[in-house]
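K.L.:
Residue numbers (the numbering used here): 1 to 197.
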């Protein structure tokens, strides 16, 4: 059974989804890049037989995200608070027996195979992690409600992976990991995977 696909979208003040990229190449190019990455997740979810729900913030970003994705996109406002609390709230907003996959940072290689692999991992592990090269996370998933170690995450950037591994170990919760990917946060990240010239 395919998990629910959740995508947490954060827009910085000024409307940029990739503010560090925007500093170098401008909001227009940064947002075009982000729409490309977001579109890949949506397409991968469709190809896997499910639909991505887009959890956006701030609360007034709905119109902009709808303009990117079209009027039929499944748009939902994120809860407030830390990334862990927002993941938990989004996961609680699903009712899918196959579990949930929350994409928390943009990466290049999201495809149907990644979603299928995550789904297969959930057959044997309560939680799955998508490690980023910088020591953060690009994905957190589960077949149960988000446990305390996820709730305690303050962000998904560097250090988050080890913090979550330690928390899960201490709580006696099993997990599995997807392949490591490079999170796309800066122009250098995008150039490294040939998304920017």
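Cβ coordinates follow ideal geometry from the N, Cα and C atoms, glycine included.
How many Å lie between residue 30 and residue 100 at the Cα?
P.N.:
So the alpha carbons of these two residues sit roughly 28 Å apart.
K.L.:
Give me the Cα-Cα distance between residue 187 and residue 195, rounded to the nearest whole angstrom.
P.N.:
The straight-line gap from Cα to Cα measures roughly 9 Å.
K.L.:
What is the DSSP secondary structure of residue 60, counted as helix, strand or coil?
P.N.:
If DSSP states are grouped into helix, strand and coil, residue 60 belongs with the helices.
K.L.:
With which residues is residue 131 paired in a DSSP beta bridge?
P.N.:
Beta-bridge pairing links residue 131 to 137.
K.L.:
Tell me the start and end of each unbroken alpha helix (DSSP H) in the region 15-41 that is at least 4 residues and wholly inside, in chain order.
P.N.:
You should have 19-25.
K.L.:
What does a CB cutoff of less than 8 Å around residue 142 pick up in its chain, not counting 5 residues either side in sequence?
P.N.:
Cβ within range, chain order: 91, 99, 100, 122, 126, 127, 128 and 150.
K.L.:
So, under 8 Å CB-CB, residue 184 and residue 106 are touching, yes? Tell me the CB distance rounded to an integer number of Å.
P.N.:
Contact holds; Cβ gap of about 5 Å.
K.L.:
Within a Cβ cutoff of 8 Å, which residues of the same chain sit near residue 145, ignoring the five residues on either side of it in sequence?
P.N.:
Only 88, 91 and 92 meet the Cβ criterion.
K.L.:
What's the call for residue 23, buried or exposed, on a 16-neighbour Cβ count within 10 Å?
P.N.:
The residue is exposed, with fewer than 16 neighbouring Cβ atoms inside 10 Å.
K.L.:
Once DSSP output is grouped into helix, strand and coil, what is the label at residue 173?
P.N.:
Residue 173: coil per DSSP, three-state reduction.
K.L.:
Would you mind giving the Cβ-Cβ distance between residue 190 and residue 33, rounded to the nearest angstrom? I have them listed as a contact below 8 Å.
P.N.:
6 Å between Cβ atoms; contact.
K.L.:
According to DSSP, simplified to helix, strand and coil, what is residue 96?
P.N.:
Three-state DSSP puts residue 96 in coil, outside helix and strand.
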